[in-house]
Amino acid sequence: MVTLFVDIETKVGHPSSEGLLLVGYAVDEDSVNVLDRGGWGTRTADGKHLDALLAHPGVTKVTQSTYDLRYLKLIGWDVQGDLHNTMVMAHTLDENTPLDLDWLTWHYANLSMDKRLRRYAGRVYFRDDNSTEHDLETIEPSDFLSYVDGPFMRFQAYNARDVDALRKLYQALRERLDESDWLDYFLNEQVPWTNTLVNMETRGLPINIGAVEALAEEYKPEHDRLGAELVKEASLPLSFNLNSGDQLAAYLFGRVVILNDTLLYSKETIACLKSCLGGEHEDCDITIEEWWNSPIGTLPVGYTGYHVSELLPEGFVLDRLGRDRVHGHWTVKGRGLAPTPPTKDKVTGKLGKRPSTSSPELLYMHADDSWVRKLCLEYRKLEKLLTTYLTKWPVEAVETRGGSGGCIDRPSPDKVAGTSSDASVVVATEECTLVSTGSTHHRLYGRFNQTGTVTGRLSSAGPNLQNVPARGERGKACRGLFQGNLVVGDYDQLEMRLMAHFSEDPQMLKVFRNGEDPHLITAQSIFGPAATEEQREIGKTLNFAQGYGAGSKKVAQVLSLAGYPTTKDTAAGYLAEMSRFYRGYFRWKQHIMEKAKRTGNVQTIGGGRRRLRASFKDVANWKLVSYGERQAVNAIIQGSAADIIRRAMVAWDALPLSKYMPMLAQVHDEVIFQHSAMPPSATSLQILQSTFEEGHGFSLRVPLLFEPHAGSSWAAAKDGTDLIGLFEEER
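Taking this note's numbering, I'd label the letters of the sequence shown as residues 13 to 743.
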C-alpha cells in the first residue's frame with residue numbers, strides 16, 4: 013500500500029486557488045516536498061507527481077482532518093482513493109479525548125508541535141524566528157516565486173515539519189488501532205464514510221441569495237418590534253441589550269439593577285456646555301455638581317429655556333462628562349426571578365460566574381412568566397434566524413457557474429494555473445459533465461464532522477446545516493431558500509424503531525409492524541383515547557426523549573421550548589405513564605444502564621463503542637452517574653441510528669445511479685440529493701428507497717421506512733424536525 017501524507021496552508025475564507033499557499037506532501041518514508049504556487053501552478057515535475065498521486069485510486073491519502081483534501085477538491089484537484097483521517101482514528105480509539113493536532117501528536121507520538129500560525133480576526137499570521145508576525149493575507153503571488161532565504165522559506169520549513177509530524181502520528185495511531193483490534197472497524201466502517209462525506213461536502217447546497225436577503229428584510233421589522241416591546245414592558249432603557257447575558261441576568265434575577273450606560277452627544281454640544289460651565293478646553297472634564305447645578309442663564313443661546321437636566325433622558329443619572337458623550341447609569345427594578353444554575357463550559361467543565369440565561373433553562377424554571385416566554389419563544393427565535401442564518405448565508409455562499417444540476421462548476425487545471433481566460437469551459441467531475449454558460453448560482457458548502465458527537469452522529473459547521481430551522485412557517489420559509497432539482501429522503505421514526513428492535517417491547521413492535529402512529533399511541537397512553545393534536549406533539553417529544561435517554565428535567569425544558577409549558581414534576585409524570593405502557597422498553601433501558609456500570613461501555617449495532625467508565629468511578633457523584641446512565645441509552649439508540657444512515661449513504665455513493673442523483677447533505681434523519689433532471693423516474697426513487705431501507709445490512713426486528721420526495725426546494729420536498737437538534741449533545 014502506497015501512502016501519501018498531505019498538509020496544506022491556506023488563507024482564511026472560501027477555498028480558492030489564490031488562497032492556497034503551500035502544499036506539503038510525503039510518500040511513505042520518503043522526504044517531504046513543499047510546493048508553492050510555482051510548483052503546482054506551472055505544473056513542475058513535482059507538481060505533476062503530486063497530481064498523479066492524488067488522482068491514483070490505489071494510493072491512500074492521510075491528513076489530520078478532511079479540510080485539506082476537501083479544499084483541494086473544491087478548487088479543481090482530482091482526489092481519488094481511500095482517505096485516512098487522524099482525527100477519526102483517534103476518535104475510534106477513544107471518543108472522549110481531545111482531537112486537536114497538538115494534543116494528539118504529544119499523546120500518541122511524543123512530539124511537541126511548532127506553533128507558528130495564529131488565526132486572529134479572520135486573518136492568519138506566521139511567526140518568524142525573530143518573533144515577527146507576517147500576515148499571510150498580504151502575500152502577493154510574486155512572493156511565491158522568491159527562493160531567497162527569508163520568512164517564506166521558514167514558512168515552507170514549518171509546513172514540512174507538519175507533514176513529518178502527521179506521518180509519525182498516523183503510524184502511532186495505526187499501531188494502536190491494530191493492537192486494540194479496532195483497525196478493521198476503522199478501515200471498513202470509518203474510511204468509506206470519510207470518502208463519502210468529502211464527496212458530499214464538495215457538492216454544496218444550492219441557495220437563492222436574493223430570496224435570503226428578501227426574507228431577512230421581511231423578518232427584521234418584526235424582530236425590532238418584538239425587542240422594543242420587551243424593553244418597554246420591562247421599563248428598561250432603550251440601550252438595554254437583550255442579547256447581553258450579563259445585562260439580562262442582572263435584570264431577570266436581581267431586584268434593583270444598576271445598568272451603566274453611555275449617551276452620545278455632538279462634540280459641539282459637549283464643548284459648548286463645558287465652555288459655559290467653566291471649562292477652558294474641549295477635552296477638559298467638569299464636575300457633575302458644576303453641570304447639574306448650573307443656572308439656566310449660564311447656558312448658551314441655543315439652549316435658552318432649558319436646564320442641563322432636561323437634556324438627559326428621564327431616569328438617567330450622570331456620572332461623568334466626556335469629550336463627545338456622557339457617562340452615567342440607570343437604576344431599574346429587576347424581575348427578581350429565582351436564578352438558574354450557571355452554565356458549565358464544555359471544554360473545561362467549570363461553571364460560569366453568573367446564572368444561565370439560555371432558553372431551555374429559563375423556560376424550565378420560569379415557563380409561567382409571560383416576559384420570559386416572549387423572550388425565548390418569539391424574540392430569540394427571530395434573533396437566531398437573522399443573525400445565525402439569514403445575514404450569514406449571503407457571506408458564506410460561494411458563487412458558481414453553470415446550471416442547477418447535480419454538480420458544481422470547478423475550475424480546470426489550466427484555470428488553477430492561471431493560464432485560461434475562457435469564460436465557458438466544460439467541467440468534468442465524478443458526477444457529470446456540465447457546460448458552463450456564464451450564468452451564476454450560489455452554493456453553501458457545509459463541513460460535516462464525523463467526530464463532532466460522541467455517539468457517531470454528524471455535526472456540521474461553516475455553516476451549520478444541521479440546525480437549519482424546520483418547524484412552522486418560518487422553518488418552511490428558511491428551507492424554501494435552498495432551491496434546485498432536489499430529492500429529500502427522511503427516515504420515519506428511526507430512533508423509536510431501534511428502541512423497539514433492541515428492547516423487543518411488545519407495544520412498540522405492534523406499532524411498527526402494523527403501521528400505526530407511534531406519537532399518537534404514546535399520547536393516548538398518557539392522555540386517553542381522545543388525545544388532541546397538541547397532546548400528540550407532546551407524545552412525539554417524549555418518544556424522542558426516550559431515544560436520547562433524557563430525564564424529566566430535559567423533557568420539561570424541550571417541551572417548554574416547543575411552546576408547551578411543563579414543569580419537571582409534570583414531565584416526570586409523563587415518563588411514569590410511559591414506563592407503565594412501554595414496560596419492555598423501560599426494563600431494557602434499566603438493564604443497559606446496569607450493564608454500563610459493570611463494563612464501563614456500550615456498543616452500537618454497527619460495532620461502535622461508547623466508553624463511560626469515568627462516569628461510574630465515583631458512585632457518590634450522582635450527577636456524573638446520572639449522566640453516564642443517560643449516555644448509555646443515548647449511545648446505543650443514536651449511535652445505531654448513525655450506523656444505519658452511514659452505511660446506507662456509503663452504499664448509495666457507490667452505486668452508478670448516484671452520479672445522476674448525488675448526495676448534498678445529511679441533516680439528522682434526512683438526506684438531501686440533487687437530481688440531474690426533474691422529475692426523477694419512479695425507478696430511481698424506488699432504488700433510492702430500497703438502498704436506504706436495506707443497504708445497511710443489519711437484521712432488524714421491525715422494518716425501516718425511508719420516504720424520498722422530489723421538489724424544487726428543500727421545503728417543497730420535505731418538512732423536517734427540530735427535536736433531534738434539541739436533544740443531541742456534541743463533543
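Beta carbons are placed, not taken as given, at the ideal position from N, Cα and C, and that holds for glycine.
* Assign GLY487 to buried or exposed, taking buried as 16 or more other Cβ atoms, counted over all protein chains shown, within 10 Å of its Cβ. => By 1-based counting over the sequence shown, the position of residue 487 is 475. With 16 or more Cβ atoms within 10 Å of its Cβ, GLY487 is classed as buried.
* To do: Decide yes or no for the touch test of the stretch 65 to 78 against the stretch 87 to 100: beta carbon pairs closer than 8 Å, at least 3 of them.
  => yes
* Asked: Among the residues of its own chain, which have a CB less than 8 Å from the CB of HIS341, if the five just before and after it don't count?
  -> Counting from one through the sequence shown, the residue named residue 341 turns up at place 329. Hits under 8 Å: ILE270, LEU271, ASN272, ASP273, PHE328, VAL329, ASP331.
* beta strand (DSSP E) runs contained entirely in the stretch 174 to 244, provided each spans 3 or more residues -> 217 to 219
* Leaving out five residues before and five after VAL14 in sequence, what residues of the same chain have Cβ atoms less than 6 Å from its Cβ? -> Stepping through the sequence shown from its first residue, residue 14 is reached at position 2. The residues are VAL71.
* Check whether the Cβ atoms of ILE651 and THR467 lie closer than 8 Å to each other. => Here residue 651 corresponds to residue number 639 of the sequence shown, with the count starting at 1. Here residue 467 corresponds to residue number 455 of the sequence shown, with the count starting at 1. It should be pointed out that residue 651 corresponds to Gly in this sequence rather than to Ile. GLY651 places its beta carbon less than 8 Å from that of THR467.
* If I'm right that LEU148 touches LEU33 with Cβ under 8 Å, what's the distance once you round it to whole angstroms? => For the purposes of this step, residue 148 is taken as the residue at position 136 of the sequence shown. For the purposes of this step, residue 33 is taken as the residue at position 21 of the sequence shown. The pair is a contact, with the Cβ atoms about 6 Å apart (cut-off 8 Å).
* To do: Could you have a look at HIS513 and say whether DSSP puts it in helix, strand or coil?
  => On the sequence shown, residue 513 is found 501 positions in, with the first residue counted as 1. In this structure, HIS513 counts as helix in the three-state DSSP scheme.
* Considering only the beta carbon of each residue, do LEU532 and GLN678 sit closer than 8 Å? -> By one-based count along the sequence shown, residue 532 stands at place 520. By one-based count along the sequence shown, residue 678 stands at place 666. Not a contact, by the Cβ cut-off of 8 Å.
* In DSSP terms, what THR2 is bridged to -> Missing from the structure shown is residue 2; the chain here goes from 13 to 743 and no further.
* If MET212 sits next to MET673, beta carbons under 8 Å apart, how far is it from one beta carbon to the other, in whole angstroms? -> On the sequence shown, position 200 is the one that residue 212 refers to. On the sequence shown, position 661 is the one that residue 673 refers to. With a beta-carbon spacing of about 13 Å, MET212 and MET673 fall beyond the 8 Å limit used to define contacts.
* Taking ILE684 and VAL500 to be in contact with their CB atoms under 8 Å, please state how far apart those CB atoms are, rounded to whole angstroms. => Locating residue 684 in the sequence shown gives position 672, where the first residue counts as 1. Locating residue 500 in the sequence shown gives position 488, where the first residue counts as 1. At roughly 5 Å, the Cβ-Cβ gap stays under 8 Å, so ILE684 and VAL500 are in contact.
* Leaving out the 5 sequence neighbours to the left and right, which residues in its chain are closer than 7 Å to ALA21 when beta-carbon positions are compared? -> Indexing the sequence shown from 1 puts residue 21 at position 9. In the sequence on display, residue 21 carries Glu and not Ala. Result list for GLU21: LEU33, LEU34, ASN171, in chain order.
* Determine the contact status of LEU402 and HIS378, defining contact as a CB-CB distance below 8 Å. => Here residue 402 refers to the residue found at position 390 of the sequence shown. Here residue 378 refers to the residue found at position 366 of the sequence shown. In this structure, HIS378 does not lie closer than 8 Å to LEU402 by Cβ.
* Would the beta-carbon of SER572 fall within 8 Å of that of LEU587? -> Within the sequence shown, the letter at position 560 stands for residue 572. Within the sequence shown, the letter at position 575 stands for residue 587. No, these two residues do not count as a Cβ contact at 8 Å.
* Asked: What separation, rounded to the nearest whole angstrom, lies between the Cα atoms of SER251 and ASP112?
  -> Position 239 of the sequence shown, counting from 1, holds the residue named residue 251. Position 100 of the sequence shown, counting from 1, holds the residue named residue 112. Going by the C-alpha atoms only, they are around 41 Å apart.
* Asked: Comparing alpha-carbon positions, which option in SER725, THR703, PRO577 lies nearest MET690?
  -> Reading the sequence shown from its first residue, position 678 is the one you call residue 690. Comparing Cα-Cα distances from MET690 to each of SER725, THR703, PRO577, the minimum goes to SER725.
* Asked: Residue range of the beta strand (DSSP E) that MET675 falls in?
  -> Against the sequence shown, residue 675 aligns to sequence position 663. Note, MET675: beta strand (DSSP E), 675 to 679.
* For my contact list, PHE265 and PRO351 are in at a C-beta cut-off of 8 Å; report their separation, rounded to the angstrom. => Taking the first residue of the sequence shown as 1, we reach residue 265 at position 253. Taking the first residue of the sequence shown as 1, we reach residue 351 at position 339. That belief holds up - the Cβ atoms of PHE265 and PRO351 are roughly 4 Å apart, short of 8 Å.
* Outcome for ARG267 when other beta-carbon atoms lying within 10 angstroms are tallied against a minimum of 16 -> For the purposes of this step, residue 267 is identified with residue 255 of the sequence shown, where counting begins at 1. Under this definition ARG267 is an exposed residue.
* Can you list, in chain order, the residues of its chain whose CB lies under 6 Å from that of ALA512, leaving out five sequence neighbours each side? -> Residue numbering aside, residue 512 sits at position 500 when the sequence shown is read from its first letter. Correct list, in chain order: MET520, LEU521, PHE524, VAL714.
* To do: List the endpoints of the continuous alpha helix (DSSP H) containing PHE524.
  => Translated into the one-based positions of the sequence shown, residue 524 becomes position 512. Element bounds for PHE524: 518 to 525.
* To do: Classify GLY709 as buried or exposed, calling it buried when 16 or more other Cβ atoms lie within 10 Å of its own Cβ.
  => Taking the sequence shown and counting its residues from 1, one reaches residue 709 at position 697. Counting Cβ neighbours within 10 Å, GLY709 comes out exposed, since fewer than 16 surround it.
* Could you spell out the range, first to last residue, of the alpha helix (DSSP H) harbouring ALA584? => By 1-based counting over the sequence shown, the position of residue 584 is 572. Bounds of the alpha helix (DSSP H) holding ALA584 are 580 to 593.
* Using 10 angstroms around the beta-carbon of SER472, count the other beta-carbons present and answer buried if the total reaches 16, otherwise exposed. => On the sequence shown, residue 472 is found 460 positions in, with the first residue counted as 1. Classification for SER472: buried.
* Asked: Whose C-beta lies closer than 7 Å to the C-beta of LEU11 among residues of the same chain, with five residues either side of it excluded?
  -> The structure shown does not extend to residue 11, since the chain is modelled only from 13 through 743, so no value can be given for it.
* Report all residues from its chain with a CB closer than 6 Å to the CB of THR445; omit the five preceding and five following residues, and keep chain order. => For this step, residue 445 is matched to residue 433 along the sequence shown. Here THR445 scores only 30 on pLDDT, less than 50, and its place in the model is too uncertain to base an answer on.
* Should the stretch 623 to 643 be regarded as contacting the stretch 603 to 613, the criterion being three or more beta carbon pairs within less than 8 Å? -> yes
* Please report the residue range of the alpha helix (DSSP H) in which LEU646 lies. => Taking the sequence shown and counting its residues from 1, one reaches residue 646 at position 634. Per the sequence shown, residue 646 should be read as Asn rather than Leu. Element bounds for ASN646: 634 to 665.
* **Whole-angstrom distance between GLN478 and THR431, CA atom to CA atom** => Here the question's residue 431 lines up with position 419 in the sequence shown. Here the question's residue 478 lines up with position 466 in the sequence shown. Since pLDDT at THR431 reaches only 33, below the 50 mark, its modelled position is unreliable, and the value read off the structure follows with that caveat. One C-alpha to the other measures close to 39 Å.
* Between the Cα of PHE167 and the Cα atoms of ASP19, GLY559, GLN558, PRO325, which residue gives the shortest distance? -> In the sequence shown, the residue the question calls residue 167 occupies position 155. Selected option, being the one with the closest Cα: ASP19.
* To do: Measure the C-alpha to C-alpha separation of ALA262 and ALA240 and round it to an integer number of angstroms.
  => Position 250 of the sequence shown holds residue 262. Position 228 of the sequence shown holds residue 240. Computed Cα separation, rounded: 19 Å.
* To do: Mind checking which residues open and close the beta strand (DSSP E) that includes VAL683?
  => Looking up residue 683 in the sequence shown gives position 671. Note, VAL683: beta strand (DSSP E), 682 to 686.
* Short check: CB of ALA574 to CB of THR544, under 8 Å? -> Numbered from 1 along the sequence shown, position 562 holds the residue referred to as residue 574. Numbered from 1 along the sequence shown, position 532 holds the residue referred to as residue 544. No.
* Limits of the unbroken alpha helix (DSSP H) element including TYR79 -> By one-based count along the sequence shown, residue 79 stands at place 67. Here the alpha helix (DSSP H) through TYR79 covers 79 to 86.
* Asked: Excluding sequence positions up to five away, which residues of its chain have a Cβ less than 8 Å from the Cβ of ASP141?
  -> Your numbering for residue 141 matches position 129 in the sequence shown. Closer than 8 Å at Cβ, skipping near neighbours: ARG166.
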